[in-house]
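Residue numbers for the sequence shown follow numbering that gives the first Met the number 0, beginning at 0 and rising by one.
Don't be surprised by glycine CBs; every beta carbon is placed ideally from N, CA and C.
Reviewing the structure listed below.
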Amino acid sequence: MVQHVCERCGKTFDKKQGLTQHMKRKTPCENIMEKVEEKINKEVQKRVEIIQNPPTTTKKTSYKFIDLFCGIGGFHIALTQLGCECVLACDIDQSCRDTYADNYGITPVKDVRDIDPHNMMDFDIICAGFPCQPFSNGGKKRTFDDDRGLLFDEIMRIAKVKKPKFMFLENVKHILKVSDGEVIEYIKKKINDAGYHLHLFNMSPHNYGIPQQRERVYFVCVRKDIVGEKQEIEIPEHIGTIKLENFMQKKEEIDEKYFVKGDILYTLNAWDEMVKKMEVGEKISPTILIHDAYRNHSATDIASFADWRRDYIEKNEDLIKKYKPQFDEWYKKHKDVLQKREIYGKLEWQVGTLKPNDSIFNHFIQVRQSGIRVKKAHYFPTLVAISQIPIYGKEKRYITPRECARLQCFPESFKLNPNDRHSYKQFGNSVNVKNVKTVAETAFKFY
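Shown next, in the form of structure tokens:
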């Protein structure tokens, strides 16, 4: 017997007349696909939250900790999830202190240099993501000659007096190479002189299922009388990842202000138009400097350019010659906008050879001082504290502060700073909660 099925709710009828009457009912039947999709979305979100902050298998501790250079509390969340209690926090930035107080009910003190360790209650752990600007790419790799580099010594000043069991410290990976390794050797010596054994780990969220490449160095410092004859700590690696899309907010949740507009959108559309004029398999030069191609520089001009610029001009020659009619027509059409800012004429294509139906909007985009950077959409670009908010090409919008929070493994209950500019900067400076929790949990198991 032929069965007649309602495509909306899945109910079956022996006769077509029954299905017809069912479809004409005043109250629509339940949409079974919507219910299934809703259940799937809830399950996916549940799994995302578990991977961001998995339940701890370690017996919860009663350790007390202080949170120096606390930012918005990445260390705080990780340590309290393990049963620890924060007894003091400190940060120089007013917006960070406001966000910290709003979330944890603790108002951080302003300046670490004002803390007197002789007048502090006892505690077991120092947490500190000490200022990274002197050592990072974004901070132009300064050294301890920068006053912020010297703030590391404030951690040691407190440690020598209070002698906590552990110190969990974090910084950018470049700290290992600054000044030909002199900075890291200085740090190691200070930690040793303060009475601590040091374990060093290079970690990134993408090693633990989070779609963000953000390599950081973690310093696990254990008081020497606790270490004894124990071997080096081994940090477990997470196997598997969660799809990038599962960290994104639904498009209908996104405020209009996050969508790209104006000259930036025009510029992205223009470059997308040019990319689509090229052949599948084309090896686009790492950086196209289109303005230089149409400026008729003299040999003297070119000789005065920086090495990197001369190198790119030479690499661009063959590509622009190959597509000269297309480039000529395209540049004439769009130059009024492209010439408004030097960076609009610089495309950094970090995606490899062109694929069929490729588009810059298939990828992540960043508008940087170095140009329009396009990166594969496997991982989010590293969150940074300067104004390079990644653009999610698929939806032509900037990633939101809430998405930044998810990438740094802050819970959905975390209260964002109401000022987006502050919020982006805070997450760009923050430690990753899951990485910190992995480090601390391993240390607690081992010692």
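Notebook entry, point to check: CB-CB under 7 Å to Ser135, same chain, minus the five flanking residues each way: which ones, in chain order?
Noted result: The predicted position of Ser135 is uncertain, since its pLDDT is 44 and thus under 50; a value taken from the coordinates is nonetheless stated next. The answer, listed in chain order, is Val171, His173.
Margin query: Measuring CB atoms only, is the stretch 178 to 198 touching the stretch 242 to 252, in the sense that at least three cross pairs come out at less than 8 Å?
Written below: no
Item checked: Val430 to Asp115 span [Cα, whole Å] -> 26 Å
Margin query: Could you tell me the alpha carbon to alpha carbon distance between Arg141 and Tyr322, rounded to whole angstroms?
Written below: For Arg141, the predicted model reports a pLDDT of 47, less than 50, meaning its position is unreliable and no value from the coordinates is stated.
Check: Can you find a heavy atom of the ligand ZN that lies under 7 Å from the Cβ of Cys85?
Finding: Of ligands this structure carries none, so the ligand ZN is not represented either.
Margin query: Please classify Met120 as buried or exposed, where buried requires at least 16 neighbouring CB atoms within 10 angstroms.
Written below: exposed
Item checked: Beta carbon of Thr352 nearer than 8 Å to that of Tyr311 -> no
Checklist line | Cut-off 6 Å between Cβ atoms - residues of its own chain near Ala193, not counting five sequence neighbours on either side | finding: Met155, Ala158, Lys159
Notebook entry, point to check: Under 8 Å between the Cβ atoms of Gly70 and Asn416?
Noted result: no
Check: CA-CA distance, Ile398 and Met202?
Finding: 23 Å
Checklist line | Contacts around Phe200, its chain only, beta-carbon distance under 6 Å, and the 5 residues preceding and following it disregarded | finding: Tyr217, Ile234
Check: If you draw a straight line from the C-alpha of Lys276 to the C-alpha of Val336, how long is it?
Finding: 20 Å
Next item on the list: Would you mind sorting Glu169 into buried or exposed? The rule is 16 or more other CB atoms within 10 Å of its CB.
Entry: buried
Notebook entry, point to check: Does DSSP put Val108 in a helix, in a strand, or in coil?
Noted result: strand
Notebook entry, point to check: Are Phe363 and Leu406 close, meaning C-beta to C-beta below 8 Å?
Noted result: no
Checklist line | Beta-carbon gap between Ile209 and Arg396 smaller than 8 Å | finding: no
Notebook entry, point to check: Relative to the alpha-carbon of Asp470, which residue among Gln368, Phe122, Asp110 has its alpha-carbon at the smallest distance?
Noted result: The structure shown does not extend to residue 470, since the chain is modelled only from 0 to 446, so the question has no answer here.
Check: Where does Met202 fall in DSSP's three states?
Finding: strand
Item checked: Boundaries (first-last residue) of the beta strand (DSSP E) holding Gly370 -> 370 to 374
Note to self: Measuring only the C-alpha atoms, how far is Phe12 from Cys28?
What the structure shows: 14 Å
Check: Taking C-beta to C-beta, are Gln368 and Ile342 nearer than 8 Å?
Finding: yes
Checklist line | Simplified DSSP assignment, three categories, for Thr286 | finding: strand
Margin query: Can you tell me whether Arg294 is helix, strand or coil according to DSSP?
Written below: coil
Check: What residue does the alpha helix (DSSP H) around Val447 start on, and which one ends it?
Finding: Absent from the model: residue 447. The displayed extent of the chain is 0 to 446, so no value can be given.
Check: Thinking C-alpha only, which one of Ile241, Ile65, His421, His196 is nearest Lys161?
Finding: Ile65
Check: Run through DSSP, which three-state label would His3 get?
Finding: strand
Note to self: Which of the three DSSP states is assigned to Glu215 in this structure?
What the structure shows: The sequence shown places Arg at residue 215, rather than the Glu named in the question. Strand, per DSSP.
Item checked: Host beta strand (DSSP E) of Val438 (start-end) -> From DSSP, Val438 is part of no beta strand (DSSP E) but of the alpha helix (DSSP H) over 432 to 445.
Note to self: Per DSSP, what are the beta-bridge partners of Phe64 in this structure?
What the structure shows: Cys85, Ile124
Check: Residues in its own chain within less than 7 Å of Glu153 by CB, not counting five upstream and five downstream?
Finding: Val111, Arg112
Item checked: Nearest candidate by alpha-carbon position, reference Lys433, set Lys334, Glu394, Glu236 -> Glu236
Check: Looking only at C-alpha atoms, which of Ile319, Ala100, Gly9, Pro400 sits nearest to Lys256?
Finding: Pro400
Checklist line | Assigned secondary structure, Val516 (DSSP; H/G/I helix, E/B strand, else coil) | finding: For the chain, the structure presents residues 0 to 446; residue 516 sits outside this window and is missing.
Next item on the list: Quick one: residues in its chain with C-beta nearer than 8 Å to the C-beta of Thr381, no 5 flanking neighbours on either side, listed in chain order?
Entry: Gln211, Gln212, Arg213
Next item on the list: Between the Cα of Arg448 and those of Lys10, Phe167, Lys223, Val350, spot the shortest distance and give me the residue it belongs to.
Entry: Since the first residue of the chain shown is 0 and the last is 446, residue 448 is not available in this structure.
Notebook entry, point to check: Going by alpha carbons, who is nearest to Ile390 out of Leu264, Ser61, Ile76, Asp327?
Noted result: Leu264
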